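Asks: Each step along the sequence shown adds one to the number in the working numbering, with nothing skipped, and position 553 is 630. Ideal placement from N, C-alpha and C gives every residue a C-beta, glycine not left out. None of these values were measured; they are calculated from a predicted model.
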Amino acid sequence: MCGIIGYIGERECSNLILEGLRRLEYRGYDSAGIAVISDGDFDIRRAAGKLDRLATSLAGEPLHGTVGIGHTRWATHGAPTEQNAHPHRAGDIVVVHNGIIENHRELLRELIASGHEFLSETDTEIVAHLVRRERAAGLDLRASVRAALQHVEGAYAIAVMDCQHPDTIVAAKNASPLVVGLGENENFIASDIPAILNHTRNVVFLDEGQMLELTRSGVTFFRIDDGSPFEPEVKHISWTPAMAEKGGYKHFMLKEIHEQPRAVTDTMRERIRLESGQVDLPELTLTAESLSNIHRAVVIACGTSWHAGMVGEYLIEQFARIPVEVELASEFRYRHPVVDEHTLVIAVSQSGETADTIAALKESKSHGAHVLAICNVVGSTITRLADSVVLTHAGPEVSVASTKAFTTQIVALYLLAVRLGQVRGLLDAERSTQLLQDLVEVPIHMEAMLHEGEATYLEMAKRFSHSANMLYLGRGLSFPIALEGALKLKELSYIHAEGYAAGEMKHGPIALIEESVPSVFVCPDGPNFEKTVGNIAEIKARGGPVIAVTCVNGKAALEAEADFVLTVPSSPEHTQVLLTSLPMQLIAYHIADFKGTDVDQPRNLAKSVTVE
Ligand code: M6R
Numbered sequence: 078m079c080g081i082i083g084y085i086g087e088r089e090c091s092n093l094i095l096e097g098l099r100r101l102e103y104r105g106y107d108s109a110g111i112a113v114i115s116d117g118d119f120d121i122r123r124a125a126g127k128l129d130r131l132a133t134s135l136a137g138e139p140l141h142g143t144v145g146i147g148h149t150r151w152a153t154h155g156a157p158t159e160q161n162a163h164p165h166r167a168g169d170i171v172v173v174h175n176g177i178i179e180n181h182r183e184l185l186r187e188l189i190a191s192g193h194e195f196l197s198e199t200d201t202e203i204v205a206h207l208v209r210r211e212r213a214a215g216l217d218l219r220a221s222v223r224a225a226l227q228h229v230e231g232a233y234a235i236a237v238m239d240c241q242h243p244d245t246i247v248a249a250k251n252a253s254p255l256v257v258g259l260g261e262n263e264n265f266i267a268s269d270i271p272a273i274l275n276h277t278r279n280v281v282f283l284d285e286g287q288m289l290e291l292t293r294s295g296v297t298f299f300r301i302d303d304g305s306p307f308e309p310e311v312k313h314i315s316w317t318p319a320m321a322e323k324g325g326y327k328h329f330m331l332k333e334i335h336e337q338p339r340a341v342t343d344t345m346r347e348r349i350r351l352e353s354g355q356v357d358l359p360e361l362t363l364t365a366e367s368l369s370n371i372h373r374a375v376v377i378a379c380g381t382s383w384h385a386g387m388v389g390e391y392l393i394e395q396f397a398r399i400p401v402e403v404e405l406a407s408e409f410r411y412r413h414p415v416v417d418e419h420t421l422v423i424a425v426s427q428s429g430e431t432a433d434t435i436a437a438l439k440e441s442k443s444h445g446a447h448v449l450a451i452c453n454v455v456g457s458t459i460t461r462l463a464d465s466v467v468l469t470h471a472g473p474e475v476s477v478a479s480t481k482a483f484t485t486q487i488v489a490l491y492l493l494a495v496r497l498g499q500v501r502g503l504l505d506a507e508r509s510t511q512l513l514q515d516l517v518e519v520p521i522h523m524e525a526m527l528h529e530g531e532a533t534y535l536e537m538a539k540r541f542s543h544s545a546n547m548l549y550l551g552r553g554l555s556f557p558i559a560l561e562g563a564l565k566l567k568e569l570s571y572i573h574a575e576g577y578a579a580g581e582m583k584h585g586p587i588a589l590i591e592e593s594v595p596s597v598f599v600c601p602d603g604p605n606f607e608k609t610v611g612n613i614a615e616i617k618a619r620g621g622p623v624i625a626v627t628c629v630n631g632k633a634a635l636e637a638e639a640d641f642v643l644t645v646p647s648s649p650e651h652t653q654v655l656l657t658s659l660p661m662q663l664i665a666y667h668i669a670d671f672k673g674t675d676v677d678q679p680r681n682l683a684k685s686v687t688v689e
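1) Pick helix, strand or coil for LYS684, following the three-state DSSP scheme.
2) So within the stretch 343-411, which uninterrupted alpha helix (DSSP H) runs reach at least 4 residues, ignoring any that extend past its ends?
3) Quick check: the Cα distance between VAL500 and THR344, rounded to an integer number of angstroms?
4) With H, G and I counted as helix, E and B as strand and the rest as coil, what does DSSP make of THR143?
5) Between THR292 and THR245, what straight-line distance do the alpha-carbon atoms span, to the nearest angstrom?
6) At a cut-off of 7 Å, would you count GLY145 as near ligand 1, judging by its Cβ distance to the nearest heavy atom?
7) Quick one: residues with CB closer than 5 Å to any heavy atom of ligand 1, in chain order, please.
8) Identify the continuous beta strand (DSSP E) that holds ARG166 and give its terminal residues.
9) Going by DSSP, what residue range makes up the alpha helix (DSSP H) through ARG223?
10) Go to LYS250, then tell me how far its beta strand (DSSP E) extends in each direction, as first and last residue.
11) Please state whether DSSP places PRO604 in a helix, a strand or coil.
12) Strictly by DSSP, which residues pair up with MET288?
13) Which class does ALA174 belong to by DSSP, given the choice of helix, strand or coil?
14) Contact between the stretch 531-545 and the stretch 377-395: three or more CB pairs below 8 Å?
15) Below 8 Å, how does it come out for the stretch 131-143 and the stretch 205-212: are there three or more Cβ pairs, yes or no?
16) Okay, do the stretch 591-600 and the stretch 542-557 touch, 3+ Cβ pairs below 8 Å being the bar?
17) Would you grab the beta carbon distance between GLY145 and GLY110 for me? Rounded to a whole angstrom, and I think it's under 8 Å.
18) Would the stretch 246-263 count as touching the stretch 187-200 if we require 3 or more Cβ pairs under 8 Å?
19) Considering only DSSP beta bridges, list what HIS148 is partnered with.
20) Using three-state DSSP, classify TYR326 as helix, strand or coil.
21) Is it true that the CB of LEU421 sits closer than 8 Å to the CB of LEU449?
22) Would you mind working out which of LEU368, ALA267 and THR199 sits nearest LEU93, comparing C-alpha positions?
23) Measuring CB atoms only, is the stretch 277-290 touching the stretch 456-473, in the sense that at least three cross pairs come out at less than 8 Å?
24) Compute the distance between the beta-carbons of LEU513 and ILE371, then report whether it is under 8 Å.
25) Tell me the DSSP secondary structure of PRO520 in three-state form.
26) Residue ranges of each beta strand (DSSP E) run of no fewer than 3 residues wholly in the stretch 526-555, ordered along the chain?
27) Count the other CB atoms, across all protein chains shown, that sit within 10 Å of the CB of GLN486; report buried if there are 16 or more and exposed otherwise.
28) Count the other C-beta atoms from every protein chain shown that fall within 10 angstroms of the C-beta of THR199, then say buried if there are 16 or more, exposed otherwise.
29) Which of the three DSSP states is assigned to THR277 in this structure?
30) Is the distance from the Cβ of ALA446 to the Cβ of PHE409 below 8 Å?
31) State the CB to CB distance for the pair ALA272 and ARG88, rounded to an integer number of angstroms; the pair is presumed to be in contact (CB under 8 Å).
32) Using 8 Å as the cut-off, can you tell me whether the stretch 625-634 makes contact with the stretch 521-530, which would need three or more C-beta pairs spanning the two stretches below that distance?
33) With DSSP as the reference, please indicate the residues paired to ARG209 in a beta bridge.
34) Helix, strand or coil for LEU462? Go by DSSP, reduced to three states.
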């Protein structure tokens with residue numbers, strides 16, 4: 078939600094900033110703007126809507142300067158208009174901001190009472206005025222920003238420039254992501270790594286309550302509360318710029334779907350010893366004894382990550398016999414959760430920046446629970462707060478709709494479940510080896526699936542893209558996959574879709590069935606196959622169209638019932654989830670693409686939900 082980039086160096090920077098903003102588009106936005114310092118003043122350009130409008134404006138009348146900041150805004154306070162787009166100016170100060178200033182009403186009243194005039198409806202403009210007030214009192218820029226922030230409550234990553242001091246950008250972070258890129262005679266700040274990956278791979282992730290002063294020759298870091306300096310850890314990012322590009326695919330989402338064989342392999346890499354059936358998770362810092370003393374596990378997550386957590390619930394309960402609850406982080410944080418030092422809390426998050434998951438994680442830690450993060454983004458807030466971190470290594474996920482992050486989260490949870498089962502003496506070497514062998518075969522099956530069957534998806538997209546409602550149904554491990562399929566479809570195509578446990582169908586949703594309401598059944602081999610086929614027959618008897626996702630073995634039985642049959646290779650029940658996830662993603666992708674919606678950046682959505 079909102080993207081920030083800042084540059085100071087020797088290059089003309091407005092195009093560099095624009096390109097950086099393009100790489101932050103995935104975060105979700107509805108207006109954008111850039112400010113550069115030019116001849117002792119600001120040149121500011123802003124536009125409502127997509128970045129192309131800003132780009133057209135810049136192409137017509139370029140901005141010139143070697144220091145600047147840019148922003149993509151996801152509207153919270155005030156409509157997505159040019160007037161409300163960032164950067165916001167107050168005198169010699171401009172500010173861009175990601176987050177929400179919670180006490181903005183009170184600050185606004187105070188500033189208006191002392192004569193400040195406001196041009197936008199945003200909470201951000203207040204920060205520009207607060208900094209201006211401190212500058213007027215004689216403080217330098219860095220001290221002014223620090224003093225201004227003492228008044229601010231809420232979440233922010235901000236970048237501030239003063240046109241009278243063109244050799245400095247000051248930035249600060251509290252509960253919204255900010256990364257610093259270190260270059261040669263040039264330095265960068267950004268909300269996320271892809272924005273600066275073309276220029277540097279040496280980065281510093283800022284922690285809560287930290288600030289920095291960026292000049293051409295270096296960066297100094299200090300704390301917001303007492304101004305004390307500190308030396309941060311510099312990390313080298315292994316992602317290549319190409320990994321954050323589309324690589325010939327029509328959309329990032331399609332590229333990311335096709336990356337899954339590689340991504341799940343990377344999640345397993347160096348963690349599996351097939352010869353001995355061992356799972357190596359050295360990142361899990363609990364001793365084998367502490368692990369065996371765990372009484373229960375609680376998964377905290379949102380959206381797609383919550384669905385991965387549900388798969389994890391089935392796997393951990395099945396392999397390790399530890400009771401698991403899967404909680405929506407947004408609910409968990411407010412309901413006096415029962416967790417203690419015998420609870421393993423598993424925070425699942427692609428971005429590592431989801432505000433609700435961060436809050437639930439902190440709540441869990443305050444009760445003494447060990448928090449294990451399963452996360453994709455190195456150095457993100459969740460990875461820094463957790464006690465143990467298992468990285469999913471999916472590579473950058475740019476499309477707002479999560480795909481490879483989901484399947485890699487499942488792989489990480491699978492490995493954890495096997496490890497817990499081993500520690501608790503429930504899985505012997507032979508069973509462990511078999512479970513791991515099943516997992517190792519997944520990327521091979523995925524690879525095969527991704528090379529066939531596009532024609533069926535296209536035909537299906539043509540037939541169902543005008544539907545207003547769709548149902549997704551599955552039993553057992555296929556239930557979370559049905560939920561995920563429904564989420565994918567509604568996010569991308571704006572078709573209302575509901576996921577249900579197939580056994581619940583007769584308890585309500587069957588009332589919806591008619592010719593115009595298609596149902597997607599996740600119906601692979603296994604103990605639930607026959608029952609689910611029975612549900613399919615009930616839908617068909619009421620005239621509802623059916624898309625069935627099944628294994629090769631079930632194809633013949635389902636072809637007699639369903640309108641469309643999509644097959645996945647036969648595999649054991651516990652790895653089928655990874656295979657049936659792909660048709661869920663592809664159904665949503667093709668329907669959305671056929672409809673012509675914005676696949677990679679669906680309306681109203683943001684990649685990382687960094688505010689409540
Ligand atoms: O970064 P996170 O995994 O914590 O994000 C959680 C959700 O916001 C995310 O999964 C969301 O539901 C996606 N848009 C799903 O495609």
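Replies: Well, looking at it:
1) As a first step, residue 684 is located in the sequence shown; it is residue number 607 there, counting from the start. Correct three-state label for LYS684: coil.
2) Fully enclosed alpha helix (DSSP H) runs of 4 or longer: 365-369, 380-397 and 406-409.
3) Position 423 of the sequence shown, counted from the first residue, corresponds to residue 500. Position 267 of the sequence shown, counted from the first residue, corresponds to residue 344. Roughly 21 Å between the two C-alpha positions.
4) For the purposes of this step, residue 143 is taken as the residue at position 66 of the sequence shown. Here THR143 sits in coil by DSSP.
5) Position 215 of the sequence shown holds residue 292. Position 168 of the sequence shown holds residue 245. Answer to the nearest angstrom: the Cα atoms are 5 Å apart.
6) Counting from 1 along the sequence shown, the entry for residue 145 is found at position 68. No; taking the cut-off as 7 Å, the Cβ of GLY145 has no heavy atom of ligand 1 nearer than that.
7) CYS379, GLY380, THR381, SER382, SER426, GLN427, SER428, THR431, ALA478, SER479 and VAL686
8) The residue given as residue 166 occupies position 89 in the sequence shown. ARG166 -> beta strand (DSSP E) spans 165-167.
9) In the sequence shown, counting from the first residue as 1, residue 223 sits at position 146. From DSSP, the alpha helix (DSSP H) with ARG223 extends over 218-226.
10) As a first step, residue 250 must be located in the sequence shown, where it is residue number 173. 246-251 is the extent of the beta strand (DSSP E) around LYS250.
11) On the sequence shown, position 527 is the one that residue 604 refers to. If DSSP states are grouped into helix, strand and coil, PRO604 belongs with coil.
12) Reading the sequence shown from its first residue, position 211 is the one you call residue 288. In the DSSP output, where bridge partners are listed per residue, MET288 has ALA249 and PHE299.
13) If you number the sequence shown from 1, residue 174 lands on position 97. According to the sequence shown, residue 174 is His rather than Ala. Three-state result, HIS174: strand.
14) no
15) no
16) yes
17) Sequence index remark: in the sequence shown, residue 145 carries index 68 (1-based). Sequence index remark: in the sequence shown, residue 110 carries index 33 (1-based). Actually they do not touch by this definition, with Cβ atoms about 11 Å apart.
18) no
19) Here residue 148 corresponds to residue number 71 of the sequence shown, with the count starting at 1. Looking at the DSSP assignment, HIS148 forms a beta bridge with ILE81 and GLY110.
20) Position 249 of the sequence shown, counted from the first residue, corresponds to residue 326. Of the three classes helix, strand and coil, the one that applies to TYR326 here is coil, per DSSP.
21) Locating residue 449 in the sequence shown gives position 372, where the first residue counts as 1. Locating residue 421 in the sequence shown gives position 344, where the first residue counts as 1. In contact: LEU449 and LEU421 (Cβ atoms closer than 8 Å).
22) Counting from one through the sequence shown, the residue named residue 93 turns up at place 16. Of the listed residues, the one whose Cα sits closest to LEU93 is ALA267.
23) yes
24) Residue mapping note: residue 513 aligns to position 436 of the sequence shown, counting from 1. Residue mapping note: residue 371 aligns to position 294 of the sequence shown, counting from 1. With contacts defined as CB atoms closer than 8 Å, LEU513 and ILE371 fail to qualify as a contacting pair.
25) Here the question's residue 520 lines up with position 443 in the sequence shown. Helix, per DSSP.
26) 546-551
27) Counting from one through the sequence shown, the residue named residue 486 turns up at place 409. So GLN486 ends up on the buried side.
28) Within the sequence shown, numbered from 1, the residue matching residue 199 stands at position 122. Result: buried.
29) Within the sequence shown, residue 277 is the residue found at index 200, counting from 1. Assigned with DSSP and collapsed to three states, THR277 falls in coil, not helix or strand.
30) Reading the sequence shown from its first residue, position 369 is the one you call residue 446. Reading the sequence shown from its first residue, position 332 is the one you call residue 409. Not a contact, by the Cβ cut-off of 8 Å.
31) Taking the first residue of the sequence shown as 1, we reach residue 272 at position 195. Taking the first residue of the sequence shown as 1, we reach residue 88 at position 11. Going by Cβ atoms, the distance from ALA272 to ARG88 rounds to 15 Å, so no, they are not a contact pair.
32) In this structure the stretch 625-634 does not lie against the stretch 521-530, because fewer than three pairs of beta carbons, one per stretch, are closer than 8 Å.
33) Walking along the sequence shown from the start, residue 209 turns up at place 132. Looking at the DSSP assignment, ARG209 forms no beta bridge with any residue, so it has no partner.
34) Within the sequence shown, numbered from 1, the residue matching residue 462 stands at position 385. Reduced to three states, the DSSP call for LEU462 is helix.
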